[in-house]
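Residue numbers (the numbering used here): 6 to 454.
One structure below.
Right, here's the structure in full:
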């Protein structure tokens with residue numbers, strides 16, 4: 006059965022019909038499905054997915070069945086994507102209070118239109134607590150039954166994790182990252198579609214470490230402080246731009262992170278203050294300034310920073326990419342069995358960029374993140390590591406082992422370069438991105454065909 010992916014009109018068109026609706030990042034899945042149709046695979050041009058689909062956009066900013074009818078198909082499985090974005094639902098609460106009921110009607114198994122309603126959390130790994138039925142919940146989400154809905158999320162290997170919202174099924178998917186950054190990146194830097202990588206045998210790199218850290222987080226600060234202690238910052242291009250999120254949210258909400266990383270956060274501020282730390286000129290303007298301006302309320306992107314691709318001239322001067330992910334503390338979601346450990350695979354597009362450019366990469370992230378990448382088919386070159394740091398449960402020890410492994414990583418040789426090229430071929434392949442949503446689609450078709 007063909008799939009008809011249906012998206013809310015607001016998220017990909019200028020909002021002239023419903024002024025006041027909040028902006029959101031929920032266009033990533035729409036961008037994936039529209040751009041994927043146009044993407045020509047540079048690795049295996051003959052490969053094509055075995056499932057046909059089309060993309061539709063609602064005529065209005067509404068999931069009302071009557072208003073949806075022009076885009077609903079009787080001979081397709083209609084997959085209705087719903088933004089799991091709380092500001093949007095606050096807007097629905099004020100202006101379209103029947104929206105949740107509209108979704109219940111759409112998901113009726115007896116409808117003449119085969120339909121699956123999927124809540125879209127494809128850009129995040131931690132389920133948001135603000136959708137649970139807690140005290141003070143907005144009226145539109147109070148005492149609601151989500152058991153007829155699916156949720157698609159970037160979180161991976163959700164071991165012993167309780168679904169406090171109550172979906173019919175939570176399904177791990179990564180195709181949203183294609184819409185979030187990959188297709189934008191290959192449009193910003195056309196060389197990304199070629200098999201060329203920045204790592205070369207015999208190349209001399211004046212800078213050993215590239216450590217981008219656009220948004221301040223406690224574990225990122227910890228890595229920078231430890232790099233300072235190890236003398237690595239003298240041989241690094243690094244930045245730390247946006248502090249508002251930490252001051253407005255992180256330092257109050259994440260007490261465990263504060264306990265684990267607190268001393269290093271204080272030391273970071275003693276060493277570097279709260280003034281944004283930029284890359285060197287000219288990359289300070291290419292890579293930093295727009296994010297810095299956001300802390301002052303300027304979202305104009307007037308410097309035209311490239312968010313999805315890295316400045317190629319910068320990468321040609323650096324050898325090792327150290328990924329500073331958002332967190333390395335354990336999940337805050339409730340366990341099914343509190344007597345057993347719980348785990349959520351936590352990753353994002355920053356890791357995939359290392360494969361995209363073909364760089365030796367070390368990840369400051371949660372335990373098991375490297376293993377997750379291997380499950381997706383990537384080679385983490387772990388046989389060159391001084392420590393198998395990805396297995397280390399202690400966050401501070403893991404950061405130390407990760408940095409020591411980066412220090413001792415050898416010069417590029419034929420083996421390293423070929424394996425980096427293999428990683429790039431994987432991320433450029435159309436099949437890789439299709440696999441990011443194939444489990445979801447199979448489950449939907451099995452349940453609704």
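Just so it is clear, CB atoms sit at the ideal spot from N, CA and C, and this is done for glycine as well.
Grab me the residues of residue i's own chain with a C-beta within less than 8 Å of its C-beta, minus the 5 sequence neighbours each way, in chain order.
i, result
"residue 68", "13, 85, 87, 104, 107, 108 and 111"
"residue 419", "206"
"residue 82", "6, 7, 8, 9, 119, 120, 121, 449, 450, 453 and 454"
"residue 357", "182, 186, 187 and 432"
"residue 426", "200, 202 and 363"
Measure the Cβ-Cβ separation of residue i and residue j and say whether it is below 7 Å.
i, j, result
"residue 360", "residue 440", "no"
"residue 365", "residue 315", "no"
"residue 180", "residue 442", "yes"
"residue 39", "residue 125", "no"
"residue 178", "residue 449", "no"
"residue 384", "residue 424", "yes"
"residue 317", "residue 219", "no"
"residue 284", "residue 244", "yes"
"residue 174", "residue 151", "no"
"residue 320", "residue 362", "yes"
"residue 417", "residue 204", "yes"
"residue 170", "residue 98", "no"
"residue 352", "residue 386", "no"
"residue 372", "residue 398", "yes"
"residue 76", "residue 11", "yes"
"residue 221", "residue 251", "yes"
Would you say residue i touches the ligand MG, meaning its beta carbon is less than 6 Å from a heavy atom?
i, result
"residue 394", "Looking at this structure, you won't find the ligand MG or any other ligand, since it has none at all."
Pull up the DSSP beta-bridge partners for residue i, would you.
i, result
"residue 59", "9"
"residue 39", "Per DSSP, none; premise fails for residue 39."
"residue 156", "124 and 175"
"residue 82", "8"
"residue 329", "369"
"residue 64", "Answer is none; residue 64 lacks a bridge partner."
"residue 282", "245"
"residue 340", "166"
"residue 323", "212"
If we define contact as Cβ-Cβ less than 7 Å, is residue i a contact residue for chain B?
i, result
"residue 345", "Among the protein chains of the structure shown there is no chain B, as only one such chain exists."
Looking only at its chain, what residues have a beta carbon closer than 7 Å to the beta carbon of residue i, apart from the 5 residues adjacent to it on each side?
i, result
"residue 129", "158 and 159"
"residue 231", "404, 405 and 408"
"residue 270", "223 and 226"
"residue 249", "300"
Given residue i, which residues of its chain have a CB within under 6 Å of its CB, disregarding the five upstream and five downstream residues?
i, result
"residue 183", "37 and 438"
"residue 54", "439"
"residue 382", "431"
"residue 257", "Caution applies to residue 257, whose pLDDT of 49 falls short of 50 and renders its modelled position unreliable; the model cannot decide the point."
Do the segment 209-222 and the segment 311-328 touch if we need at least three Cβ pairs shorter than 8 Å? yes
Spell out a yes or no on whether the segment 183-202 and the segment 293-303 are touching, meaning 3 or more CB-CB pairs, one atom from each, closer than 8 Å. no
Note down, one range per segment and in chain order, each alpha helix (DSSP H) of at least 4 residues found wholly within the segment 346-405. 354-362 and 374-380
Completely contained beta strand (DSSP E) runs for the segment 182-257, where each covers 3 or more residues: 212-216 and 241-243
Please confirm if the segment 383-391 is in contact with the segment 406-424, defined as three or more CB-CB distances below 8 Å between the two stretches. yes
Quick check on the DSSP output: what are the complete alpha helix (DSSP H) runs of length 4 or more inside the segment 86-150, in order along the chain? 91-100 and 104-111
Take every Cβ of the segment 200-207, pair it with every Cβ of the segment 225-238, and state whether three or more of those distances are shorter than 8 Å. no
Check whether the segment 46-56 and the segment 70-82 touch, using three or more Cβ-Cβ pairs below 8 Å as the test. no
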